[in-house]
Structures are given as C-alpha cells and as structure tokens.
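1 is the number of the first residue of the sequence shown in UniProt numbering; add one for each residue after it. What follows is a short report on a single structure.
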Amino acid sequence: MSLSQKAESIASEFVLSDDDVRKCSKQFIFELGEGLKHVVPTVCQIPTYVTKVARGTEKGVSLAVDLGGTNLRVCSVELKGDTKWTAKHAKRVIPPETMTGSNGAELFHLIAHEIDQFFQLHHRDTLQKLRQSKDVLPLGFTFSYPAYQTSINSGILLRWTKGFDIPDVINKDVCQLLQVAIDDFNLPVEVTALVNDALGALMFRAYTLPLSQTRTSVGAIFGTGTNGVYLEKLSNITKALGTHDDSTGEMFISSEWGSFDNGLLVQPNTKYDMKVDQSSINPGNQMFEKRVSGMFQGELLRVALNELYADPDACLFRGVQWDDPAQGEGPAPFFTRWAIDTSLLSIAAAENAQELTALSEALVKTLRIPANHVSADDVRAVKTIADAIGKRAARLAGMAIGSALIKGGRITVDRNILPVTRVTEDFSGVEAVDIAVDGSVVELYPGFERYMREVWRVIDGIGPAGEKMIKMGVAKDGSSIGAAIIALIVANGRASHTATP
Ligand code: ADP
Ligand code: MG
C-alpha cells in the first residue's frame, strides 16, 4: 500500500457512521437513566444541588478557583444585576509534580497560596475591610473531577482523572481540604459551593444571556477532559439525595460522561484507542473521554502515526534519522507519549489540503524532524489521520450533548414523548434550546460545532427540525465566573433566609 492508501485505511478505522451515532445515543440515554436510579461507577450522574439557573439579575461580589487539568485559575467577579459583570483573573500552570504527589495537602496549599497572592495583587483593600468587618467572601470551587456531593459545599473525591493522581485525596471532602488550607492563610473566604466546570460554564452563559431569552439547560466541556451537566426532573432522581431545595422540581446533574460505555458495547474501538488506554494511568476507565478530550486526541494521532511509520511500504518521513539518545537528546518525540498536542489536530483541520505549510512547520517543530524529511505526501497523510480523529471526537461530542438534551426533555419532535419545549409543525415561534460549551477543543478545533450539528440532525428525537432549535455558545473561561455566580446565589439565598425583618 502506498503512503496515502495506508493513511486512508487508518483514517477509515476512525469513522463513526450515522448508525453508530444512533446506537451510541440509545446507550447514552440508557446510562443516564441508570445513573439516576443507582450508584454506578461509570456515568454516575452526580447531583449538583444547584436547582435553579442564573436569571441575569443577580448582584454582588464573589470568588472562584478553578482546578483544571492544565491550569489553576483564581478570579473575583462582581455581578451588576443586569446580565453585566466585571472580573479579575489570575492563572498559573499546575506543576506536574503536584498533580501526582503523594501528599494532598500540598495541592490545597498551592491553591490557597494562589488565592492569597490574588488578594495581594488585586484586592488588598477588600482584604483589609473584610478582616475588620469579620465578613467573608463566598467562593465557588470549580473542581472538575468526579466528587460525590451530599450538599452544595461538600464533595467526596471518587477518582482522579485528566492526569491527576494523588491517592491521599480520594474519599476525602475536597471542600473541607480547601477550607483548611484557606484558613491556614487566615483569609476571609468561605468555600460556599463545589461546582464542576460544565455547570460553571452553563451558569456563566445563563447569567449573560438577554433577560428575555430561554435559559441554558445543558453545559458541556471539551478541554483536557470532557463532561456534561443537564437539568433533570427531581422525580426522575430515585437514588438517595441529600437535603435540597425542591421548589423548582429540577436539579442540575453532572453526568460524568467521560466514563460513558467503559465496557465498549457501542463505542468505536481501534487498536490505537487500545494502545492509548493501555498506557494510561486508568486503563478501562474514562473510555469516552479517551476518544473525545484534548488530553488524548493528540496522543491517538501519535500512536496512529507510529503505526504508519512502522509500515516499510508507507515510507513516512523517508530517510529520517532520529536524534541519537547516546548524544544526550533523549528519545525522539515521535516515540514519546504525549509529544503531540491536540492543538496540532486543529492546525491540520484548518489547512487547505493543497497547501499544508502550517502543518508541515508544526510537524517539524513538534517532532524535531529535519524539514527535508517531511514531504508533501507525509503532511497529507498526517492530515488525513488527524482529521479522522478530530471528526470522530466531535461527532461523539455531539452525540453526548444531543442525548443529554433528549434525556432532559428539552427537545423532541417525537410526539410520544412529552416535550418541555413545544415544537410546532412549522417550527415558527419555537423557543430555542440553549447550551453552553467551554474548553479549548470545542473553542478552537475548526468545524467542531459543524460536526456536532450533523450528528444532531441524525439522532432519533432531534432530527433536522430539532437541530435548528439548538443554540450553542462558547462560555469562554466561564467556568470560574459561573462558579462564583453559584457561590453568590447560595450565599445570597442563605442571607435572605437568615435575615431578620
Ligand atoms: P483545562 O482543561 O485545563 O480547563 P483547556 O480547556 O484549555 O484547559 O483544554 C486544554 C486541552 O485542550 C489540552 O488537552 C490541549 O491539548 C487542548 N488544546 C489546546 N489548544 C488546542 C487547540 N488549538 N485545538 C484543539 N485542542 C487544543
Ligand atoms: Mg477548563
């Protein structure tokens, strides 16, 4: 087989047909349902204890910290009460040694230290005033790892994902750990709400939408990891639930869909997926995330290209001499895990198949291959495979969002299911269904939304008419602001309950 034929053949292994999508969606809706009834280890449907969506009229000041898979962010937010807001941000990369250390206290000390620095940099006066008045600022903790909540401000870590591995923290309440670390710095801050990034993004978008518009009901993240939250009827949540507000009859549920179909009943599975899984820190887990999220797509591409390279007929990077480890260069990136970042797939997708200069340059730089060993055919082969991996990820992402919309009863053109948002014959005057997304993959991968829309059009229960109703917006870095909004809503709610007339 020639290089291009072999590349096409590898790419074809990543194809997810419309039939596959429909099969996945059925199983997805089934798993969402199971997670509401039982404590399951996979799509565990974590109740968030957030029962209302932001209306855009909330007012006040609050804080948030966001422990992402790559970055630690701190922010303060002032809500003006008219869908407008201002925020201050700080961001740092999480040192890899902290992510896999043996000591959880170190991680929470690092977070509290960042909050302390943030006060020193942006809010010295506020800090003094709060200390004098003995007031505290509410803080929303954006913690996007499966943590089981029995209230809005507690969460027991079930397992780490996205490259974190600190066994010491598992089965502990992460809110309490953070509060202890904050108290060590003597900061006037109370951890008021534990929020995952998907719910944060959703709340942020909901707050900023024009007041007259339908509020957001699904939030999804496609960054280092992937997850989605959606609004579910309380009556459908039949497993044990802690004390909660039942005035709305609904609650946001964090699906933890990264673990969808861990048993691989319906998901596509290639030998590259298997290799990536096998060399991960959690083989057999987060099997959906391993096909969809930013952490894994680049690695899938690297593994697939290794296969292509190993085929002597394909002649990928013909004549290349890899760096000699004896010369102190270490193994070539091409053979090193994680050497290809998912941003390379975005570069590939943005390139016109005839030109490919940016992708060629990126390959030379990323893989440290002399430019004269990267032919036009090589770059085209890389693009073919990269595009297939990116497209499959986006289609699976669309399948997940679409299934959550159906499960939440937000959208349906099937008259046998009671529609929450009524769909008329001609679809005029139809209310939109709003979803918030965030994460570098959905924000930056060219065509991600287009691929998701293609999927919505073929899913049973959405279809072409339903797809038109779906409005989607990127809540860029909204997860921290959203967590601050939730913390404020909780704090204001408490104040209004305890206020004496
Ligand atoms: P976090 O998950 O920490 O909140 P992000 O949302 O920025 O951070 O997601 C980081 C992930 O996005 C990384 O896995 C990275 O490989 C991927 N990524 C970064 N830039 C791009 C891009 N241009 N296109 C696609 N994926 C990207
Ligand atoms: Mg994020």
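Yeah, the Cβ is synthetic: ideal placement off N, Cα and C, and Gly gets one too. Small disclaimer: the values here were computed from a predicted structure and weren't measured.
Asked: Measuring alpha carbon to alpha carbon, tell me which residue in VAL382, VAL21 and LEU121 is nearest ARG453.; Found: VAL21
Asked: Which residues in the same chain as GLY429 place their Cβ atom closer than 8 Å to its Cβ, once the five residues preceding and following it in sequence are excluded?; Found: Annotation note: pLDDT 44 at GLY429 (below 50); position unreliable, no value reported.
Asked: Give a yes or no on contact between the stretch 259-279 and the stretch 288-302, applying the rule of three or more CB pairs nearer than 8 Å.; Found: yes
Asked: Using the beta-carbon count (16 or more within 10 Å), is LEU121 buried or exposed?; Found: exposed
Asked: Is SER293 close to ligand 2? I mean its beta-carbon at under 8 Å from any heavy atom of the ligand.; Found: no
Asked: Count the other CB atoms within 10 Å of the CB of PHE335; is the residue buried (16 or more) or exposed (fewer)?; Found: exposed
Asked: Who are the Cβ neighbours of GLN179 in its own chain at under 7 Å, not counting the five residues just before and after it?; Found: VAL191
Asked: Where does GLY429 fall in DSSP's three states?; Found: Per-residue confidence for GLY429 stands at a pLDDT of 44, beneath the threshold of 50, marking its modelled position as unreliable; the derived number appears in the next sentence. Coil, per DSSP.
Asked: On the premise that GLU250 lies in contact with LEU36, defined as a C-beta separation below 8 Å, what is that separation, rounded to the nearest angstrom?; Found: Their Cβ separation, rounded to whole angstroms, is 13 Å, which puts LEU36 and GLU250 out of contact at 8 Å.
Asked: Check ASP438 in the structure and name its three-state DSSP category.; Found: strand
Asked: Just mark GLN132 as buried or exposed, buried being the case when its beta carbon has 16 or more other beta carbons within 10 Å.; Found: exposed
Asked: Which residues in the same chain as THR42 place their Cβ atom closer than 6 Å to its Cβ, once the five residues preceding and following it in sequence are excluded?; Found: SER259 and ASN262
Asked: Within 10 Å of its beta-carbon, does SER235 have 16 or more other beta-carbons around it, so buried, or fewer, so exposed?; Found: exposed
Asked: Spatial neighbours of ALA388 within its chain, please: CB distance less than 6 Å, with the 5 preceding and 5 following residues excluded, ordered by chain position.; Found: ALA11 and PHE14
Asked: Closest to MET472 by CA distance: which of LYS134, LEU127, ASP66 and SER217 is it?; Found: SER217
Asked: Mark GLN297 as exposed unless 16 or more other C-beta atoms lie within 10 angstroms of its C-beta, in which case mark it buried.; Found: buried
Asked: From the DSSP secondary-structure annotation, give me the bridge partner or partners of ASN282.; Found: Its beta-bridge partners do not exist; DSSP assigns none.
Asked: For ARG453 and chain C, any beta-carbon pair shorter than 9 Å?; Found: Among the chains of the structure shown, chain C does not appear; only one protein chain is present.
Asked: Sorted by chain position, which residues of the same chain lie with C-beta nearer than 6 Å to ILE459's C-beta, five sequence neighbours on each side aside?; Found: SER25 and GLY402
Asked: Is the number of C-beta pairs between the stretch 373-381 and the stretch 271-283 that are closer than 8 Å three or more?; Found: no
Asked: Measuring straight from C-alpha to C-alpha, what distance separates ARG457 and LYS468?; Found: 9 Å
Asked: How long is the line joining the alpha carbons of GLN27 and ALA400, rounded to whole angstroms?; Found: 10 Å
Asked: Could you work out which residue in ILE347, ASN492 and LEU110 is closest to LYS365 when comparing CA atoms only?; Found: ILE347
Asked: Any heavy atom of ligand 1 within a distance shorter than 8 Å of the CB on ILE389?; Found: no
Asked: Buried or exposed for ASP116, please, with buried defined as at least 16 other CB atoms from any protein chain shown within 10 angstroms of its CB.; Found: buried
Asked: By the DSSP assignment, the beta strand (DSSP E) with CYS75 in it spans what residues?; Found: 71-80
Asked: Within 8 Å, do at least three Cβ pairs link the stretch 195-205 to the stretch 163-177?; Found: no
Asked: I want to check one thing, is the minimum distance from the CB of THR226 to the heavy atoms of ligand 2 below 8 Å?; Found: no
Asked: Examine ligand 1 and report whether any of its heavy atoms sits within less than 8 Å of the Cβ of ASP165.; Found: no
Asked: Going along the chain, which residues of its own chain have a beta-carbon closer than 8 Å to the beta-carbon of ALA358, five neighbours each way excluded?; Found: ILE347, ALA350 and GLU351
Asked: So does ILE156 have its beta carbon nearer than 8 Å to some heavy atom of ligand 2?; Found: no
Asked: Could you give the DSSP three-state label for ASN227: helix, strand or coil?; Found: strand
Asked: Using a Cβ-Cβ cut-off of 6 Å (strictly less than) and excluding sequence neighbours within five positions of ILE481, which residues of its own chain qualify?; Found: VAL77, ALA87 and PHE204
Asked: Comparing C-alpha positions only, which one of ALA397, ALA483, VAL433 and ALA393 sits nearest to ILE411?; Found: VAL433
Asked: Is it true that the CB of ARG92 sits closer than 9 Å to the CB of LEU72?; Found: yes
Asked: For PRO174, which option in PRO188, PHE185 and SER154 has the closest C-alpha, if you only look at C-alpha atoms?; Found: Looking at the sequence shown, residue 174 is not Pro but Val. The residue with the shortest Cα to Cα distance from VAL174 is SER154.
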